[in-house]
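If you read the protein sequences in the order shown, they are chains A and B. With our numbering, the residue at position 80 of the first sequence is 80, and numbering never jumps. So the mapping is simple: our numbering equals the position in the second sequence, first residue as 1, plus 1000. Take a look at the structure set out below.
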Amino acid sequence: MNRKSSIRYVAIVAALCLLCVGMSGCTSISSGGYEFKSGITPPKAVSDLMKNGTVVLFITQNDCPACEQTRPLITALQSQYNGTNVTFVNFNIDNNATSMNIGHTYGVTSTPTTVVLRKDGAAAIFVGVFDPSTVKSAIEDARK
Amino acid sequence: MDVDEQAKKIKDWAKKYAERQGIQLNPDEERVDEVAKGLAVRQEKFGKRYCPCRIMTGDATEDRKIICPCVYQEEELKERGMCHCKLFSTKDR
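Take a look at the structure:
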């Protein structure tokens, strides 16, 4: 391979790498089995909440048995963060367009979905009934 | 037919379906009853057994994928031993 071909090869590989990063968003994987994905622009309703600190979104819909099963877990977590800068909010996508838009932003296709948001907007997303200790670790990471 | 009656019919159907597939209903019967009721409510509202744990898009072709048993359950059973809604489980659960 001559010099010109080598440069072309490196340029193509670099472009492909950049394209992949752009398509997938940047992720930082923790050792706790979750990852914070960046590159998602929070809707205004969410960015307003983020001004106060860490935000936990609990996204549900009507008639969802798994949502009802998970609700006590989120309530228990919420009570552990009373009086802190962690805000818990329940968005029921059946209730209004804002909630539907939030679900769409975070790629929610099934419920419940719990989203832990870092100050920079990066999101750790938990689908279904979650392990409270894992979500708690994500919240603690998000508060750092 | 009221929702409770419909839920009972759905539970009977799900049990037979599970037997045919070599899987089972979730051993947590309370959970099965909740999902059956969720399915009955959606059948009442939308005419089909759309999974109550998945979001309907309004696109008929897309939404067909989430009619119970949904297109995702086979892979979920393989990966996690239960479907997302926890209606069906593998026999080792």
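C-beta atoms are modelled at their ideal positions from N, C-alpha and C, and glycine is treated no differently.
Would you call residue i buried or exposed, if buried means 16 or more other Cβ atoms sit within 10 Å of its Cβ?
i, result
"E1079 of chain B", "exposed"
"D1064 of chain B", "It is worth fixing the name first, because residue 1064 of chain B is Arg in this sequence and not Asp. Burial call: exposed."
"S133 of chain A", "exposed"
"G1058 of chain B", "exposed"
"K1037 of chain B", "buried"
"K1016 of chain B", "exposed"
"T162 of chain A", "Not covered by the structure: residue 162 of chain A. The range shown for chain A is 1 to 144."
"A1060 of chain B", "exposed"
"V21 of chain A", "Its pLDDT being 40, under 50, V21 of chain A is placed unreliably in this model, and the coordinates cannot settle the point."
"G103 of chain A", "buried"
"L19 of chain A", "Reliability fails at L19 of chain A, whose pLDDT of 42 lies under 50, so the model's placement of it is uncertain and the value that follows must be treated cautiously. The residue in question, L19 of chain A, is exposed, as its Cβ has fewer than 16 Cβ neighbours within 10 Å."
"T54 of chain A", "buried"
Span of the beta strand (DSSP E) holding residue i?
i, result
"N92 of chain A", "86-92"
"I59 of chain A", "54-60"
"K37 of chain A", "35-37"
"T113 of chain A", "113-117"
Taking C-beta to C-beta, are residue i and residue j nearer than 9 Å?
i, j, result
"V115 of chain A", "L49 of chain A", "no"
"P206 of chain A", "L117 of chain A", "For chain A, the structure presents residues 1 to 144; residue 206 of chain A sits outside this window and is missing."
"T111 of chain A", "I59 of chain A", "yes"
"P65 of chain A", "E1034 of chain B", "yes"
"A122 of chain A", "K37 of chain A", "yes"
"K109 of chain A", "R1054 of chain B", "The sequence as given places Thr at residue 109 of chain A; Lys does not occur at that position. Cβ distance < 9 Å, so T109 of chain A and R1054 of chain B count as in contact."
"V1032 of chain B", "K1011 of chain B", "yes"
What are the boundary residues of the alpha helix (DSSP H) that residue i is part of?
i, result
"A66 of chain A", "65-80"
Checklist line | Whole runs of the beta strand (DSSP E) within the segment 1022-1088 of chain B, excluding any shorter than 3 residues | finding: none
Margin query: If the cut-off is 8 Å on Cβ atoms, which residues from the segment 85-102 of chain A count as contacting chain B, listed in chain order?
Written below: I93
Notebook entry, point to check: Taking any Cβ of chain B, which residues in the segment 47-76 of chain A have a Cβ under 9 Å from it, in chain order?
Noted result: Q61, N62, D63, C64, P65, A66, C67, E68, Q69
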